[in-house]
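Right, one structure below, let's go through it.
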Amino acid sequence: MAADANPWIVHVARMRRNAGAESHEVRRGHVDEAGPLAEEGIDPGRSIVPVGAEAECDVTLRAFDGGIAASGTVRAPWVGVCRRCATAVSGDLVIAVTERFAPDASPDDDELYPISDDTIDLGPLVRDAIVLELPSAPLCRPDCRGLCPHCGADRNEGECDCVAPPDPRWANLDVLR
């Protein structure tokens, strides 16, 4: 394979001639960084695939009358910022995928990926799986206590000595005490 060849392209001409034929493919490469994956920097409460990170697609391809079915897993690392305490978080996505490829699929088709020139491109499948599974609001841990809204202290490291300022909207009720 040439150094600049697309690692996501799989030739399926032989498979398409034999319905029921199978092929196991493991491909690794960079993910197309369009849309949500092209963001520069990470905002709190968001996550992205790190620039230059590789994703892996491990699928079994099965020929059926009229196309190719792909089932397996997509793996990719992600990084983000905890939505509660703003610390860096990271993880690995492991996504189960089951998709179909057909020669008559249009680019706007949500159900099928296209087969063109007896090849399939696993790149869009990998990218779509990752975009749909990236944590939309990551947490450093499930019981993260976040930051104090008054002094900004990290409540995961200990309690702060802040006293919340009184809310002037409730001042008239203070006379009832």
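Just so we're aligned, residue -4 is where the sequence shown starts under the working numbering, counting upward by one. We treat Cβ as the ideally placed atom computed from N, Cα and C, and that holds for glycine.
DSSP three-state assignment for residue i, whether helix, strand or coil
i           : result
residue 166 : helix
residue 159 : coil
residue 67  : strand
residue 154 : coil
residue 9   : helix
residue 112 : coil
residue 134 : coil
residue 171 : helix
residue 51  : strand
residue 72  : strand
For residue i: DSSP bridge partner residues
i           : result
residue 3   : Answer by DSSP bridge pairing: none, since residue 3 is not bridged.
residue 57  : 17 and 64
residue 149 : 142
Start and end residues, beta strand (DSSP E) containing residue i
i          : result
residue 95 : 83 to 97
residue 24 : 17 to 25
Enclosing alpha helix (DSSP H) for residue i [first to last residue]
i           : result
residue 46  : First-last for residue 46: undefined, no H or E at that position.
residue 120 : 118 to 128
Own chain partners of residue i with C-beta closer than 7 angstroms, once the 5 adjacent residues on each side are dropped
i           : result
residue 4   : 114 and 116
residue 128 : 88 and 90
residue 14  : 58, 59 and 60
residue -2  : Residue confidence for residue -2 is low, a pLDDT of 49 falling below 50, so the modelled location carries little weight and cannot support an answer.
Cutoff 8 angstroms; reference residue i; Cβ partners in own chain excluding five residues on either side
i           : result
residue -4  : In this prediction, residue -4 has a pLDDT of 48, which is less than 50 and means its spatial position is unreliable; what the coordinates show is noted afterwards. Around residue -4: 2.
residue 168 : none
residue 111 : 98
Spatially closest choice to residue i from the options, by CA coordinates
i           : options               : result
residue 0   : 25, 8 and 15          : 25
residue 79  : 71, 102, 11 and 41    : 41
residue 49  : 64, 164, 69 and 93    : 69
residue 16  : 51, 27 and 64         : 64
residue 62  : 94, 166, 169 and 171  : 94
residue 123 : 8, 27, 6 and 9        : 27
residue 159 : 153, 145, 152 and 170 : 145
Min CB distance residue i to chain D below 8 angstroms
i          : result
residue 77 : The chain labelled as chain D is not found in the depicted structure, where only one protein chain is given.
Contact set for residue i: own chain, Cβ-Cβ below 6 angstroms, skip 5 residues either direction
i           : result
residue 74  : 45 and 85
residue 109 : 100
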